[in-house]
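Numbering (this note's numbering), first residue to last: 3 to 373.
Yeah, the Cβ is synthetic: ideal placement off N, Cα and C, and Gly gets one too.
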């Protein structure tokens with residue numbers, strides 16, 4: 003690695019760190035951090051705080067002020083070149099006299115992809131792309147999935163015993179995993195747009211589906227219940243909580259109109275998802291959620307919903323929290339239900355697998371390998 007590459011990586015890491023400060027707050031926009039460097043000194047820093055506010059590049063340039071003239075701008079994502087809620091960042095970069103722009107990765111948004119860097123290049127700005135590209139793509143993996151498919155990034159989370167059970171034969175499930183694992187799950191809820199469960203989970207556990215981090219911190223995600231026949235009780239805890247997060251009930255045309263009226267009276271939004279079978283078609287549901295600008299989804303359903311989601315090929319990433327407990331029982335609910343696969347070649351396989359210990363719990367996470 004030459005000296006300039008080392009310097010570029012140093013400042014790009016700072017831009018990535020800045021961007022990550024807004025994790026869970028910028029949807030449907032990406033997380034963007036930026037650093038302005040002149041004569042070997044950082045003269046400006048900034049990041050995109052939330053959608054509708056100034057972008058990371060603009061924040062850093064405003065922080066730099068007149069020092070931006072002739073400086074280098076580091077940013078973890080290609081500057082935008084189109085009008086959205088805010089003006090194009092490329093215009094500001096050029097107007098402030100930036101000499102060089104270093105971006106980690108191009109923006110996959112068709113409105114931007116490559117066009118932002120080309121506009122800067124035509125204006126005489128030196129550009130470089132690909133510094134810490136893998137880290138940058140991972141940081142914004144949920145945005146990348148959404149912007150290219152118009153569907154949310156789906157993270158399947160399972161909390162199970164070592165033998166793959168999510169409850170005892172009597173239905174007891176609180177708590178299989180330890181406190182540290184549960185806190186990480188609440189951190190995930192804070193970072194995604196929505197959390198989704200099936201009707202069986204609602205009837206069995208009556209969950210709040212809120213974010214409960216130490217000190218009362220955290221933002222509640224949108225709550226989504228997959229409920230083909232609208233059996234969700236109007237008295238469910240999710241309707242009783244003081245949370246400002248909305249509740250969406252995904253159902254089918256078979257659901258009774260009177261039940262729909264009852265749930266809507268409780269403040270729920272009922273989405274009728276058309277499909278050929280008696281169940282909510284999850285692939286079509288993802289299209290509808292994407293149209294609502296839901297870019298990320300934490301799936302915390304029971305074994306049947308987990309299996310249906312994997313079969314529908316909507317899952318992008320899996321996080322399996324395993325407790326050092328053996329529950330046993332052929333009738334104890336498994337982490338993945340359904341009929342299962344007939345052949346090993348049909349198994350869902352994970353790649354880029356990472357394993358870590360959370361005190362005495364084991365977390366296995368990986369990405370679903372597409373066939």
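When DSSP states are grouped into helix, strand and coil, residue 102 belongs to the strand group. Sorting 67, 72 and 56 by C-alpha distance to the C-alpha of residue 81 places 56 at the top. By the criterion of at least three beta-carbon pairs nearer than 8 Å, the stretch 7-14 is not in contact with the stretch 49-65. C-alpha of residue 30 to C-alpha of residue 147: approximately 11 Å in a straight line.
Annotation: the stretch 301-355 contains the following complete segments of the alpha helix (DSSP H) (minimum length 4 residues), in chain order: 305-313. The stretch 165-177 makes no contact with the stretch 129-142, as fewer than three CB pairs between them are under 8 Å. Within the DSSP secondary-structure output, residue 253 pairs in a beta bridge with 274. In the structure shown, the three-state DSSP call for residue 60 is helix. Counting along the chain, no beta strand (DSSP E) covers residue 85, and no H or E run does either.
Residue 46 has 38 as its beta-bridge partners, per DSSP. Beta-bridge partners of residue 155 (DSSP): 298.
Boundaries cannot be given for residue 174, as no alpha helix (DSSP H) includes it and DSSP labels it neither H nor E. At a cut-off of 3 residues, the continuous stretches assigned as beta strand (DSSP E) that sit fully inside the stretch 203-247 are 224-228. With respect to the 9 Å criterion, residue 48 and residue 36 are classified as neighbours on the basis of their beta carbons. In the structure shown, the three-state DSSP call for residue 162 is strand. DSSP, read as helix, strand or coil, puts residue 114 in coil. A contact between stretches requires three or more CB pairs, one per stretch, nearer than 8 Å, and the stretch 315-332 fails this requirement with the stretch 201-213. Following the DSSP letters along the chain, one finds residue 28 in no alpha helix (DSSP H), marked with neither H nor E. Distance from the Cα of residue 59 is smallest, within the candidate group 100, 43, 134 and 362, for 100. Secondary structure of residue 359 (DSSP, three-state): strand.
Proximity of the stretch 304-315 to the stretch 325-340 meets the contact definition, three or more beta-carbon pairs being nearer than 8 Å. The beta carbons of residue 275 and residue 287 sit closer together than 9 Å.
Residue state for residue 77 is assigned as strand, using DSSP reduced to three classes.
Nearest C-alpha to residue 258 among 247, 231 and 283: 231.
The stretch 187-195 and the stretch 219-237 touch, with three or more beta-carbon pairs separated by less than 8 Å.
For residue 167, DSSP records a beta bridge to 336. Taking residue 330 as reference, the option from 229, 262 and 169 with the minimal CA-CA separation is 169. Look at residue 141 here: in three-state DSSP terms it is helix. Counting every other CB atom within 10 Å of its CB across the protein chains shown gives residue 328 a total below 16, marking it as exposed.
Take the alpha-carbon of residue 349 and the one of residue 343: they are about 6 Å apart.
Within its own chain, the residues whose Cβ lies closer than 6 Å to the Cβ of residue 150, once the five positions on either side in sequence are excluded, are 110, listed in chain order. It is roughly 59 Å from the alpha-carbon of residue 65 to the alpha-carbon of residue 172. The alpha-carbon separation between residue 366 and residue 308 amounts to approximately 16 Å. Annotation: the continuous alpha helix (DSSP H) that includes residue 292 extends over 284-293. By the criterion of a C-beta distance shorter than 7 Å, residue 261 is surrounded in its chain by 232, once the five residues flanking it on both sides are discounted. Comparing C-alpha distances from residue 127 to each of 95, 116 and 107 shows the shortest one belongs to 95.
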